[in-house]
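Engineer: Just dropping this structure here.
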DNA sequence: ACCTGAACACCGTTCAAGT
DNA sequence: ACCTGAACACCGTTCAAGT
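Structure follows, in structure tokens:
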């Protein structure tokens, strides 16, 4: 009964042989479905129909697996266009990174935790950063200003500077829900802002705040600020 | 033997009675020393000389404990000055938040993970955000622009927009160290930048990149950009 | 009524015993 | 030589048994 899957072929190999790539993409799929907390060596192995120890032939340990997953994500970011100005190229690429991130909401947390620990980013990430720097340089930025620019862009380079709070659906149940009138009394400014935003978009069904255009607003404010400094620093 | 610590006093109570505050500050101290991964209910209990289950009288579960720890950190941010303009007030407060964060390097990861999950931020965080919004409003910002501003500031409000990579000391050992000449060949732009930064600060002993001034550069670029829009939006 | 030890259902990773 | 089951040292949390 247990042997059913392997006894058919002459070579007696599992249907699709395990590979680093297959381990990584399975892990990404698992995280997409269940979040970062659903990622365990044991569960990945189970999803692949394999004993947990089999994974250790393809990744040294869990941290290396997480690094590999980040590489998979960076690979999903569109390559730079080479037929337009620096600003458009950077803008498109960052927005592509953001789209990637929306497909993998667990990524910021994992990237955050891994960037704290690693000695050097993986070659894939280095290549990506190098390419970004190259775009600024080709656009006429001094190396000093490029350095500032990379810091200013910060995590936006990888598609996020985290929204302080995710949208309201899909949350843990809230223990201490507060009455709206008490909310308004205690946090008057927050309430004013929430009402203004809601009123602004009364036609839209959603959360009352368009994260995408807010992201673009921040991105453009930053890019415009950098452009103003180009040549001056 | 086991009874030694409790049999002395008449009331037979542990030396310092457990309290939510003591649980939280102990957890913060533990994380400061060992990072986010060192934070376990069992270890916190051990540090308090208590059985793990005793913690559950003061926090509902680990997530609520993490939220409580974030509240402790927000409490460390200096209150706003009220004798100066909006820009100085925001700037000082954000820099105070950043100093808090430098004392607690595990915080961004924890904040990131908790903000993904919670329904509503804790009252302490809400109060902090409300106060920030109030400063912008008092500075003559329209509610629409304040909304944009809060998004633009993003995680910088809590003292971080994460440095993509931490400084080089205190890292995991690096498996695949690369030869400098191969580094230069593969990542020319990255190398140019690294060299320029190193040369820039040859007098300084440290990592060759002043994170503090880079943070301030990004902060000021953002604040200046917002000021330019004040009144226009 | 209160407290808590043991237990449950998990982890990542090691390692020796099996083929 | 290769593979892997069992084991180790952990988790967060439940719950019944003890006082």
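Chains as they are written, first to last, in UniProt numbering: chain A, 1 to 233; chain B, 1 to 233.
Beta carbons: idealized from backbone N, C-alpha and C, even for Gly.
(1) Name, going along the chain, the residues of the UniProt domain "HTH tetR-type" (17-77) of chain A whose beta-carbon falls closer than 7 Å to a beta-carbon of chain B.
(2) Tell me which same chain residues have a C-beta within less than 7 Å of the C-beta of residue 100/A, skipping the five on either side of it?
(3) With a threshold of 7 Å, establish whether the CB of residue 89/A neighbours any heavy atom of the ligand PLP.
(4) So what does DSSP say about residue 23/B, is it helix, strand or coil?
(5) For residue 155/A and residue 17/B, I'd like the C-alpha separation in whole angstroms.
(6) Just by C-beta distance, which residues in the region 210-221 of chain A are closer than 7 Å to chain B?
(7) Count the C-beta pairs between the region 56-67 of chain A and the region 86-102 of chain A that are closer than 8 Å, then say yes if the count reaches three, no if not.
(8) Which value, in whole angstroms, describes the spacing of the CA atoms of residue 216/B and residue 22/A?
(9) For a contact meaning CB atoms closer than 7 Å, what does residue 107/A contact in chain B?
(10) Applying a beta-carbon distance threshold of less than 8 Å, which residues of chain B neighbour residue 224/A?
(11) Can you name, in chain order, every residue of its own chain whose Cβ lies under 8 Å from the Cβ of residue 222/B, other than the five neighbours on each side?
(12) Evaluate contact between the region 37-55 of chain A and the region 128-138 of chain A, counting only Cβ atoms and requiring at least three cross-stretch pairs below 8 Å.
(13) Indicate whether at least one CB of chain A lies closer than 8 Å to the CB of residue 85/B.
(14) Going by C-alpha to C-alpha distance, which of 146/A, 19/A, 232/A and 94/A sits closest to residue 192/B?
(15) For residue 219/A versus residue 91/A, is the C-beta spacing smaller than 8 Å?
(16) Taking only the alpha-carbon atoms, compute the straight-line gap between residue 210/A and residue 123/A and give it to the nearest angstrom.
(17) Helix, strand or coil for residue 44/B per DSSP?
(18) Keeping to the same chain, check which residues put their C-beta closer than 8 Å to that of residue 26/B; ignore five residues upstream and five downstream.
(19) Let's test the definition: count the other Cβ atoms within 10 Å of the Cβ of residue 31/A and tell me whether it reaches 16, buried, or not, exposed.
Structural biologist: If we stick to the structure as given:
(1) none
(2) 73, 76, 77 and 159
(3) Ligands in the displayed structure: none, and consequently the ligand PLP is not present.
(4) helix
(5) 43 Å
(6) 214, 217, 218 and 221
(7) no
(8) 43 Å
(9) Those do not exist, as residue 107/A stays about 11 Å from chain B at its closest Cβ, beyond 7 Å.
(10) 225
(11) 152, 153 and 156
(12) no
(13) no
(14) 146/A
(15) yes
(16) 35 Å
(17) helix
(18) 44, 47 and 48
(19) buried
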